[in-house]
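A.B. asks: So that we are looking at the same thing, I have put the structure below in structure tokens.
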Amino acid sequence: ASEEEGVEMCNWLASQGVRHVEQPLAPGKEIDLPELYKQSPLPIFVDESCKTSQDIPPLANCVHGINIKLMKSGGLTEAIRMVHTAKACGLQVMFGCYSDSTLANTAASHLSPLADYLDLDSHLNLVDDPFTGATLQNGHLIPNNLPGLGVKRREFNH
76 ASEEEGVEMC
86 NWLASQGVRH
96 VEQPLAPGKE
106 IDLPELYKQS
116 PLPIFVDESC
126 KTSQDIPPLA
136 NCVHGINIKL
146 MKSGGLTEAI
156 RMVHTAKACG
166 LQVMFGCYSD
176 STLANTAASH
186 LSPLADYLDL
196 DSHLNLVDDP
206 FTGATLQNGH
216 LIPNNLPGLG
226 VKRREFNH
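In structure tokens:
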């Protein structure tokens, strides 16, 4: 989408009650983010435009937050680095996922107190998720008390 289309879409989404927008411009179009940032009625979060902590400072003045995905960042260590970099730049943090299993989402759930928003629900859509771990309780993803990440291999009776 162009910057003009992004503004138009953000205005429409705001009129529909949406609270923030994620990656409104295609990766590689970051040059248009400052103008969209000025004109958008919604907070802007980047996802694909922000893969590591090094990507954050150049974006800090034209977005409101970042979406961290463990599979995109390379793991827990870089994800923690991204959280601290984003917070130092005054940005909000969201943890998201791809089609991740309970293994990845449980790992990310341990970092959830550091986040402003969570979108770690992909494992709920998996038919044969090979793991058990964090559970959804009243809309909250809660890590369990098992050692390590708190993940166990699920036993299937086929």
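Going by this note's numbering, the first residue of the sequence shown is number 76, and it counts up by one from there. Every residue, glycine too, gets a C-beta built ideally from N, C-alpha and C.
Could you pull out every residue in the same chain whose Cβ sits closer than 6 Å to the Cβ of L216, ignoring the five residues on either side in sequence?
C.D. replies: Here residue 216 refers to the residue found at position 141 of the sequence shown. So the list reads S184, L195 and A209, once near-sequence residues are dropped.
A.B. asks: Pull up the distance between the alpha-carbon of A76 and that of L100, whole angstroms please.
C.D. replies: The residue you call residue 76 lines up with position 1 of the sequence shown. The residue you call residue 100 lines up with position 25 of the sequence shown. One C-alpha to the other measures close to 6 Å.
A.B. asks: Since N142 is in the beta strand (DSSP E), which residue starts that stretch and which ends it?
C.D. replies: For the purposes of this step, residue 142 is taken as the residue at position 67 of the sequence shown. Boundaries of the beta strand (DSSP E) harbouring N142: G140 to K144, taken from the DSSP string.
A.B. asks: Do A154 and I141 come within 8 Å of each other at the CB atom, strictly closer than that value?
C.D. replies: Residue mapping note: residue 141 aligns to position 66 of the sequence shown, counting from 1. Residue mapping note: residue 154 aligns to position 79 of the sequence shown, counting from 1. Contact flag unset, no.
A.B. asks: Are P132 and C164 touching if we call contact CB-CB under 8 Å?
C.D. replies: Along the sequence shown, one-based indexing puts residue 132 at 57. Along the sequence shown, one-based indexing puts residue 164 at 89. Result yes, Cβ atoms of P132 and C164 sit closer than 8 Å.
A.B. asks: Does DSSP put H215 in a helix, in a strand, or in coil?
C.D. replies: One-based indexing of the sequence shown puts residue 215 at position 140. Note: H215 maps to strand in three-state DSSP.
A.B. asks: For D122 versus G171, is the C-beta distance shorter than 8 Å?
C.D. replies: If you number the sequence shown from 1, residue 122 lands on position 47. If you number the sequence shown from 1, residue 171 lands on position 96. A contact, by the Cβ cut-off of 8 Å.
A.B. asks: Count the other CB atoms, across all protein chains shown, that sit within 10 Å of the CB of V93; report buried if there are 16 or more and exposed otherwise.
C.D. replies: By 1-based counting over the sequence shown, the position of residue 93 is 18. V93 should be labelled exposed.
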